[in-house]
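Working notes, structure below.
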Amino acid sequence: MASAPAQPQPPAQPRTVVVVGHGMVGHRFVEALRNRDQDNRWRVVILGEEADAAYDRVGLSSYVGEWERSALALTGNDYGSDEQVELRLGNAVTGLDRDARVVTLADGQTVAYDALVLATGSYAFVPPVPGHDADACHVYRTLDDLDAIRDDAQRALANNPDAVGIVVGGGLLGLEAANALRQLGLRPHVVEYNPRLMPQQVDEAGGEHLARMVGELGIDVSLGVATSNIETVDGGGLRVTLGEDTVVDAALLVFAAGVRPRDELGRDAGLDVAERGGILTDLGCATSDPAIFAIGEVAAVQGRCYGLVGPGYATAEVVADRLLGGDAEFPGADLSTKLKLLGVDVASFGDAHGQTDGALNVVVSDPINGTYAKLVLSDDAQTLLGGVLVGDASSYGLLRPLVGQTLPGDPVSLISPATDGAAAIGVGALGDDAQICSCNDVSKGTLCSAIADGACTVADLKKCTGAGTACGSCVPLLSQVLADSGVEQSTALCEHFDVSRAELFELVQASGIRTFSGLIQRFGSGTGCDICKPTVASILASTSSDHILDGEQASLQDSNDHFLANIQRNGTYSVVPRVPGGDITPEHLILIGEIARDFGLYTKITGGQRIDMFGATVDQLPEIWRRLVEGGMESGQAYGKSLRTVKSCVGSDWCRYGQQDSVQLAIDLELRYRGLRSPHKIKMGVSGCARECAEARGKDVGVIATDKGWNLYVSGNGGMTPRHAQLLAGDLDTETLIRYIDRYLMYYIRTAERLERTAPWMERIEGGLDHVRAVVVDDSLGLAADFEADMARHVEGYECEWKGVLDDPDKLSRFVSFVNAPGTPDPTVSFAENNGRKVPVLLGTPPMPNAPVAAAEPNA
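What the sequence shown shows, in the UniProt record's numbering, is residues 1 to 860, in sequence order.
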C-alpha cells in the first residue's frame with residue numbers, strides 16, 4: 001500500500017533575541033542580523049534605557065548650538081515596518097535571571113529570551129573627589145547630560161558673564177566638552193592629571209603643541225594636577241581645589257575622565273567579568289553563559305575592552321553571524337583615531353608611542369605654524385609602524401593604511417609640509433590588504449572588488465561595503481580609490497543630493513521650494529550634512545531677498561553666518577562695516593574709533609580699503625552693530641560667501657593720470673552687489689587708468705578705465721593659486737559695463753560648484769573665456785534677460801543683514817545666551833606688541849613668538 005504523501009511542515013517559530021541597550025553598537029547589531037536573516041529565524045526585542053532611539057554619540061558635540069535631537073538620529077533607528085523588531089525605550093533593564101532566561105525591566109515587566117545580547121556600553125567615570133555629587137557637577141555622555149549642562153551655563157551667565165566651566169579630563173572627550181562649554185559662553189578650564197593632553201593618543205612633544213594651540217583658543221589648561229576638592233558656594237557655583245592649594249571658582253564642572261563598562265547587569269547575574277571590568281567574552285563574543293553575548297564597550301574580548309566605535313561594530317557583526325550559525329571571530333582592533341578638536345586636527349595611528357623594540361622616530365616640528373608630525377619606523381627605517389599628527393592631519397588617510405608596509409619614499413618627505421609627499425603617493429601605493437576604513441574594517445581590495453561589481457560612486461561604496469559610514473574620515477580616500485580605478489567621478493553635491501550644485505540651483509528655481517526640508521524630501525534623501533545644508537542656504541539666499549537667519553535657514557548656515565561675523569583664531573569675532581570704494585566720511589571714521597575704544601578692539605585697515613575691528617565676543621556684536629547702524633553704516637559681509645569689497649584708486653577726482661571716476665564707479669558697484677550670496681566670496685576692483693593702482697586684474701571682477709570708457713576683466717583670484725583676470729570686453733560705457741557684470745555674476749552663481757572661486761570655475765567650463773564671453777556679451781544661451789532680472793530683484797530687495805537682526809527679537813535672541821554687560825571688554829583677550837604691531841594675547845597663555853595672526857578666513 002502506497003504511503004501517504006508527506007504533509008508540508010509549518011514554518012518554525014522564530015526564536016527571540018533580546019538586545020539590552022540601543023546605542024550605536026546595539027543598532028548596528030540589529031541591522032546586521034536583520035540584513036542576513038532572510039528566513040526570519042530571529043525575532044528581535046530591543047530594550048533601551050534612554051528615551052531617544054539610537055543616535056550618533058560620536059557626534060554628540062554637534063548637538064550644542066543646534067539643540068535638535070533628531071539631527072543625531074541614526075538612519076533606520078525606528079526599524080520602520082519591520083514586524084520582526086520590537087523597540088522599547090525609556091525603560092531600563094534591572095534584573096537578569098539566567099536560569100529562566102528572563103530579564104526584568106524597571107517597571108516590573110519581564111521579557112523572555114532565547115539569546116541575550118548585552119550592549120549596555122559604558123558610563124562616565126566620576127573620580128571619588130569630595131563634593132563630586134554637587135548639583136553643578138555633570139558628566140558628558142548623553143543628550144540629557146548636555147541639556148543639563150546648557151541649563152546650568154545659561155543660569156550662570158545671566159549673573160556672571162565671565163563664568164568659568166571646569167572640565168576634569170584632557171582626553172578626547174574632555175576637549176570636546178571644553179569646546180561645548182566655550183560655545184555656551186563659558187570660559188573653559190581643562191584639568192588633566194597626566195603631564196600632557198590626550199595622553200593615550202599623542203606623545204609628549206605632540207601634547208606640548210596641542211596644549212599651546214588649545215591655550216590660544218582661550219581655554220585654560222592645568223596639567224599634571226588632580227582635582228582634590230569641590231565645594232558648593234552661595235548662589236549655586238562651585239569652588240574647586242586643584243592639587244593642594246590652587247582654587248578656581250566655577251559655574252559648573254564636567255567630569256570627562258574616562259569611561260567604565262556598564263557590566264553590573266551581567267556581574268550581578270554571575271557572568272564572568274574581566275580583571276579591569278567588562279563582561280568577559282571569547283573571540284566569538286560569547287560570555288560564560290552560551291546563551292548570552294556581549295558587544296561594544298561592555299564586552300571584554302579575551303579580557304580587553306575597546307572604547308572606539310570600530311571595534312564595537314566588529315563585535316556586533318560577529319554576534320549577528322554567530323546567531324545565524326556562522327563561526328565569525330573578533331578580528332582585532334585598529335585603535336587609530338583622527339579628530340578635529342576645537343578646530344585643531346589630531347591623529348594617531350599604529351604604534352604611535354614607539355613601543356616596538358628598536359623603533360625609530362622621524363619628527364617634523366613647526367611651532368610657528370602649529371604643526372607636529374612623527375612617524376615611527378622599524379629599526380631598519382623601512383617599515384612604517386605608526387605616527388602622530390597634530391595641527392595638520394591631512395596625510396592621515398594615506399599614512400594609516402601603510403602601517404606594516406614598506407615605505408614608498410623618504411619618510412621625512414611624507415610628513416613635510418613643503419613636499420606634500422603623502423598626497424603625492426596616492427592610493428596607488430597601497431596594497432589590496434591596506435585597511436581604508438578602520439571603523440568597519442574595509443580594505444582597499446574590498447573596495448576595488450565592489451567597484452569591479454558596479455559600484456561607481458562614494459555612496460555606492462558606502463552602501464555595499466560600509467566604508468565611511470561611521471566617523472567618515474576615510475571618505476576622501478573612497479573618492480581616490482574610485483579615481484585610481486578609472487571610474488569617472490560623480491558630480492553629486494553630497495550623498496544626500498545626487499545632483500550638482502548648479503543642478504540643485506535650477507531645481508530650486510523651477511520648483512519654488514524655499515526650505516531645506518522641502519528640497520531634501522523631494523529631491524534628496526536623509527537628513528543632510530555640513531556640505532549640502534550651507535550650499536542650500538546659499539542658493540536660497542541667492543534666489544530671494546529673505547534674511548539668511550529667517551526660519552529654517554538659520555540652522556543651515558556656515559559657522560560665520562550663524563553670528564554674521566568672522567570668527568578669529570582666539571574664538572573672538574571681527575566687525576567689518578561696509579566702506580564702499582574705500583570712500584568714508586569723517587563722522588564714520590570717528591564712530592569706528594569710538595566703538596573700537598569702548599569695546600577694547602584691535603583695528604586694522606584691510607587690503608580691501610576697509611577698517612576691521614578685532615576681538616569682539618558674540619554677546620558684544622549686537623550692541624556694536626546697533627551703534628554702527630544708527631550711525632549710518634551697514635554690514636560689510638566679511639563673514640559671508642558674497643561680495644566682500646570693491647577696491648578703488650582715487651581716479652579722476654584727484655589723480656593726474658585718472659581717466660574716469662573710479663571712486664564713484666566702485667561705490668556704485670559695491671552698493672549694487674552688496675549682500676549677493678554666491679558659491680564663494682567675490683572681490684572687485686576699479687582702477688582709474690592703466691597704471692592699475694587698485695590691482696583690478698587680481699579680482700573676480702576687475703574694471704580698468706580707458707579714454708573711451710571701461711575695460712572689463714573677469715575671473716582673477718588671489719590666494720594660493722593666483723590668476724590674472726582676463727579681458728571680457730573693452731571700451732564699455734557704464735550702463736553696458738554694469739549689464740555685463742550682472743550677467744557674469746548670475747551665470748557664475750547659477751553654474752559654479754560649492755566653494756568654487758570664479759577662476760577655477762571659468763577654467764572648468766568647456767570653452768573657458770570664449771564661452772563665458774558668448775554667454776555674457778552675445779547672449780548665446782538666451783538667458784541675459786533672466787540674469788538681469790535676477791540681479792534687479794536682488795538690488796531691489798537688499799537690506800543690511802545686521803539691521804534685520806537688530807529689528808527682529810527672534811533673530812536677536814540667538815545672542816542672548818551669551819549676555820555680557822554692554823561695553824565691557826572681553827577679559828580673556830589683551831593686546832601685546834609683536835615686531836612693532838599689536839597682536840591678540842590670551843591672558844595666562846604665553847604668545848607664540850612671531851606667530852602670524854590669521855583669521856579663519858581673510859576679512860578683506
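Think of the CB as a built atom: it goes at the ideal place given N, C-alpha and C, for glycine as much as any other residue.
For the 8 Å Cβ check, are there 3 or more pairs between the region 59-75 and the region 83-97? The region 59-75 is not in contact with the region 83-97.
Reduced DSSP category for LEU385 - H, G, I as helix; E, B as strand; rest coil: Here the question's residue 385 lines up with position 385 in the sequence shown. Look at LEU385 here: in three-state DSSP terms it is strand.
Straight-line Cα distance separating PRO128 from ALA211: Here residue 211 refers to the residue found at position 211 of the sequence shown. Here residue 128 refers to the residue found at position 128 of the sequence shown. About 26 Å.
Counterpart residues of ALA124 in DSSP-defined beta bridges: On the sequence shown, residue 124 is found 124 positions in, with the first residue counted as 1. DSSP output for ALA124 lists VAL259 as bridge partner(s).
Given that a residue counts as buried once 16 or more other Cβ atoms are within 10 Å of its Cβ, and exposed if not, what is VAL233? Residue mapping note: residue 233 aligns to position 233 of the sequence shown, counting from 1. That one is exposed.
In chain order, which beta strand (DSSP E) runs of at least 3 residues are fully inside the region 62-109? Within the region 62-109, the complete beta strand (DSSP E) segments of 3 residues or longer fall at 85-88, 93-97, 102-105, listed in chain order.
Taking the runs of the beta strand (DSSP E) that are 3 residues or longer, which of them lie wholly in the region 707-768? Inside the region 707-768, DSSP marks whole beta strand (DSSP E) runs of 3 or more residues at positions 710-714, 726-732, from first to last along the chain.
Quick one: which unbroken beta strand (DSSP E) runs of 3-plus residues sit fully inside the region 24-67? Chain order, please. Taken in chain order, the whole beta strand (DSSP E) runs of length 3 or more contained in the region 24-67 are 42-47.
Whole angstroms are fine: how far does the CA of THR734 sit from the CA of ALA671? Position 671 of the sequence shown holds residue 671. Position 734 of the sequence shown holds residue 734. The amino acid at residue 671 is misidentified as Ala; the sequence shows Leu. Cα-Cα distance, rounded: 15 Å.
Grab me the residues of ARG267's own chain with a C-beta within less than 6 Å of its C-beta, minus the 5 sequence neighbours each way, in chain order. On the sequence shown, residue 267 is found 267 positions in, with the first residue counted as 1. Hits under 6 Å: VAL273.
Where TYR573 falls: helix, strand or coil (DSSP): Stepping through the sequence shown from its first residue, residue 573 is reached at position 573. TYR573: strand per DSSP, three-state reduction.
In three-state DSSP terms, what is VAL225? To locate residue 225, count along the sequence shown from 1; it is residue 225. Reduced to three states, the DSSP call for VAL225 is coil.
GLY657: buried (16+ other C-beta within 10 angstroms of its C-beta) or exposed? The residue given as residue 657 occupies position 657 in the sequence shown. Note that residue 657 corresponds to Tyr in the displayed sequence, not to Gly. Exposure of TYR657 is indicated by the presence of fewer than 16 other C-beta atoms within 10 angstroms of its C-beta.
Buried or exposed: LYS708, going by 16 or more other Cβ atoms within 10 Å of its Cβ? On the sequence shown, residue 708 is found 708 positions in, with the first residue counted as 1. The C-beta of LYS708 has fewer than 16 other C-beta atoms within 10 Å across all chains shown, which makes the residue exposed.
Please report the straight-line C-alpha distance between ASP282 and GLY296, rounded to a whole angstrom. Position 282 of the sequence shown, counted from the first residue, corresponds to residue 282. Position 296 of the sequence shown, counted from the first residue, corresponds to residue 296. About 13 Å.
Terminal residues of the continuous beta strand (DSSP E) containing LEU116? Residue mapping note: residue 116 aligns to position 116 of the sequence shown, counting from 1. Unbroken beta strand (DSSP E) run through LEU116: 115-118.
When you compare the region 68-82 with the region 110-119, are there three or more beta-carbon pairs, one atom per stretch, that lie closer than 8 Å? The answer is no - the region 110-119 does not touch the region 68-82, with fewer than three Cβ pairs under 8 Å.
Name the DSSP bridge partner or partners of HIS189? Looking up residue 189 in the sequence shown gives position 189. According to DSSP, residue pairing for HIS189 in a beta bridge involves ILE166, ASP220.
Closest by C-alpha distance to PRO809, when choosing among LEU324, ASP550, ASN194, LEU783: Indexing the sequence shown from 1 puts residue 809 at position 809. It is ASP550.
6 Å Cβ shell around HIS547 - same chain, five flanking residues per side excluded: Looking up residue 547 in the sequence shown gives position 547. Same-chain partners within the cutoff: GLY804.
With DSSP as the reference, label PRO529 as helix, strand or coil. As a first step, residue 529 must be located in the sequence shown, where it is residue number 529. Residue 529 is actually Cys in this sequence, not Pro. Coil at CYS529, not helix or strand.
For GLN109, which of ALA92, ALA537, SER122 has the nearest alpha-carbon? Residue mapping note: residue 109 aligns to position 109 of the sequence shown, counting from 1. Of all alpha-carbon atoms in ALA92, ALA537, SER122, the one lying nearest the alpha-carbon of GLN109 is that of ALA92.
My understanding is that PHE523 touches VAL487, with C-beta atoms under 8 Å, so please give their C-beta distance in whole angstroms. Sequence index remark: in the sequence shown, residue 523 carries index 523 (1-based). Sequence index remark: in the sequence shown, residue 487 carries index 487 (1-based). PHE523 to VAL487, Cβ: 24 Å. No contact.
Which stretch, first to last residue, makes up the alpha helix (DSSP H) that contains GLY615? The residue labelled residue 615 in the question sits at position 615 within the sequence shown. For GLY615, there is no enclosing alpha helix (DSSP H); the enclosing beta strand (DSSP E) covers residues 611-616.
Compute the Euclidean distance between the alpha carbons of PHE497 and SER544, then round it to the nearest angstrom. Here residue 497 refers to the residue found at position 497 when the sequence shown is read from its first residue. Here residue 544 refers to the residue found at position 544 when the sequence shown is read from its first residue. About 22 Å.
How many Å lie between VAL225 and ILE166 at the Cα? In the sequence shown, the residue the question calls residue 225 occupies position 225. In the sequence shown, the residue the question calls residue 166 occupies position 166. When rounded, the distance between both Cα atoms is 13 Å.
Taking contact to mean 3 or more Cβ pairs, one atom from each stretch, closer than 8 Å, check whether the region 303-322 and the region 128-145 are in contact. Cβ pair count under 8 Å is below three, so no.
For ALA537, does the count of other Cβ atoms within 10 angstroms reach 16, so buried, or fall short, so exposed? Walking along the sequence shown from the start, residue 537 turns up at place 537. Answer is buried; the Cβ neighbour count reaches 16.
Using a threshold of 8 Å, state whether the C-beta atoms of GLY675 and SER642 are closer than that. What you label residue 675 is simply residue 675 of the sequence shown in a count that begins at 1. What you label residue 642 is simply residue 642 of the sequence shown in a count that begins at 1. Yes, they are a contact pair.
Of the residues VAL772, ARG578, ILE624, VAL376, which one's Cα is nearest the Cα of GLN355? Numbered from 1 along the sequence shown, position 355 holds the residue referred to as residue 355. The shortest Cα separation from GLN355 among VAL772, ARG578, ILE624, VAL376 belongs to VAL376.
When burial is assigned at 16 or more other CB atoms within 10 Å of the CB, is ALA106 buried or exposed? Here residue 106 is taken as the residue at index 106 of the sequence shown, counted from 1. An exposed status is given to ALA106, since fewer than 16 other beta-carbon atoms sit within 10 Å of its beta-carbon.
Which class does ALA422 belong to by DSSP, given the choice of helix, strand or coil? Counting from one through the sequence shown, the residue named residue 422 turns up at place 422. The predicted position of ALA422 is uncertain, since its pLDDT is 48 and thus under 50; no value can be drawn from it.
Within the same chain, show all residues whose beta-carbon is closer than 6 Å to that of VAL301, passing over the 5 residues directly before and after it, in chain order. On the sequence shown, position 301 is the one that residue 301 refers to. For VAL301, where only same-chain residues beyond five positions count, the Cβ hits under 6 Å are THR281, PHE330.
Taking 6 Å as the limit between beta carbons, can you name the residues of its chain near ALA328, skipping five residues before and five after? Here residue 328 is taken as the residue at index 328 of the sequence shown, counted from 1. Around ALA328, the same chain offers VAL318, ASP321 as residues with beta carbons nearer than 6 Å, after the five sequence neighbours per side are excluded.
Return the Cβ separation of THR227 and VAL168 in integer angstroms, given the expectation that the two are a contact with Cβ distance under 8 Å. As a first step, residue 227 is located in the sequence shown; it is residue number 227 there, counting from the start. As a first step, residue 168 is located in the sequence shown; it is residue number 168 there, counting from the start. So it is a contact: roughly 5 Å between Cβ atoms.
Option nearest ALA291 by Cα separation, candidates SER525, VAL30, SER517, ALA100: Counting from 1 along the sequence shown, the entry for residue 291 is found at position 291. Out of SER525, VAL30, SER517, ALA100, ALA100 has the C-alpha closest to the C-alpha of ALA291.
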